[in-house]
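One structure is given here, and the rest of the page talks about it.
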Amino acid sequence: MAAAFMELALEQAKFALENLEVPVGCVIVEDGKVISSGSNKTNATRNATRHAEMEAIDMLLREWQGMGLDQPQVAEKFARCDLYVTCEPCIMEVYFGCANDKFGGCGSIMSLHQSSAELSGEEIPGPKGYKCTGGIMAEEAVALFRSFYEQGNPNVMLRSDAT
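For the sequence shown, the UniProt record's numbering assigns the number 1 to the initial residue and increments by one for each residue that follows.
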């Protein structure tokens, strides 16, 4: 089932690539059904926080707030969701395609998905880690990144452009 959801996330990444964005796509699933999706919009918005995950999350927040759900109800709904994203994100329970050897927080650079107690093998009360599953359709996700970097990113400001 994970591959089917990752395929939908890859479609979002392809949409981002077609729009000269870094090709990252995301879907959010609740009870086996996609309830939100998003693609990178960092270039279009000139906002480095507009990653695919945030686009999908914000879409759900608007919908749920429009339904009159309060913060505890929203938190309860998010707790039942799974997030599928084509490239390793920073922090949350996730399923991702390719590793991110520059910024990855799920094992490539740091293992933020494991608490310090889990890493040390100690039984320490406190925050628990979160579930993280990587490598789902990684080759396809890497191929999209290659396409993006081969075409170049016209929105990157080079040092000579800044002066």
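The beta carbon of each residue, even a glycine, is placed where N, CA and C say it ideally should be. Here the structure is a predicted model, which is why all the values come from computation and not from measurement.
Within 8 Å, strictly: CB atoms of residue i and residue j
| i | j | result |
| --- | --- | --- |
| valine 74 | cysteine 26 | no |
| glycine 38 | glutamate 55 | yes |
| alanine 99 | glycine 134 | yes |
| proline 89 | glutamate 53 | yes |
| alanine 16 | asparagine 40 | yes |
Pairwise C-alpha distance: residue j and residue i
| i | j | result |
| --- | --- | --- |
| alanine 117 | lysine 131 | In this prediction, alanine 117 scores a pLDDT of 46, lower than 50, which makes its location untrustworthy; the coordinate-derived value is nonetheless stated afterwards. Between alanine 117 and lysine 131, the C-alpha separation is close to 15 Å. |
| aspartate 82 | tyrosine 95 | 8 Å |
| threonine 1 | glutamine 151 | According to the sequence as given, residue 1 is methionine; it is not threonine. Cα-Cα distance, rounded: 32 Å. |
| alanine 141 | threonine 42 | 18 Å |
| histidine 51 | valine 24 | 8 Å |
| leucine 69 | methionine 6 | 28 Å |
| residue 185 | valine 22 | Because the chain in this structure spans residues 1 to 163, residue 185 falls outside the shown range and cannot be described. |
| glycine 144 | aspartate 101 | For the record, residue 144 in the displayed sequence is leucine; it is not glycine. When rounded, the distance between both Cα atoms is 16 Å. |
| isoleucine 136 | leucine 8 | 12 Å |
| leucine 20 | alanine 48 | 14 Å |
| proline 72 | glutamine 65 | 12 Å |
| glutamate 76 | tyrosine 149 | 39 Å |
| alanine 44 | lysine 14 | 15 Å |
| asparagine 153 | serine 147 | 11 Å |
| methionine 92 | arginine 46 | A caution first: methionine 92 carries a pLDDT of 47, below 50, which makes its placement in the model unreliable, though a value can still be read off. Their backbone Cα atoms lie some 24 Å apart in a straight line. |
| lysine 33 | cysteine 87 | 21 Å |
| serine 36 | glutamate 18 | 20 Å |
Sheet register partners of residue i (DSSP bridge)
| i | result |
| --- | --- |
| phenylalanine 133 | One point to set straight first is that residue 133 is threonine, not phenylalanine, in the sequence displayed. Partner(s): Tyr95. |
| lysine 33 | Glu30 |
| serine 39 | Gly25 |
beta-carbon residue i near the ligand HEM non-hydrogen atom, thresh 7 Å
| i | result |
| --- | --- |
| glutamate 11 | Judged by which ligands are present, the structure shown has none, so any question about the ligand HEM falls away. |
Cβ of residue i within 8 Å of any chain C Cβ
| i | result |
| --- | --- |
| isoleucine 57 | The chain labelled as chain C is not found in the depicted structure, where only one protein chain is given. |
**Request:** Decide yes or no for the touch test of the stretch 59-79 against the stretch 19-39: beta carbon pairs closer than 8 Å, at least 3 of them.
**Result:** yes
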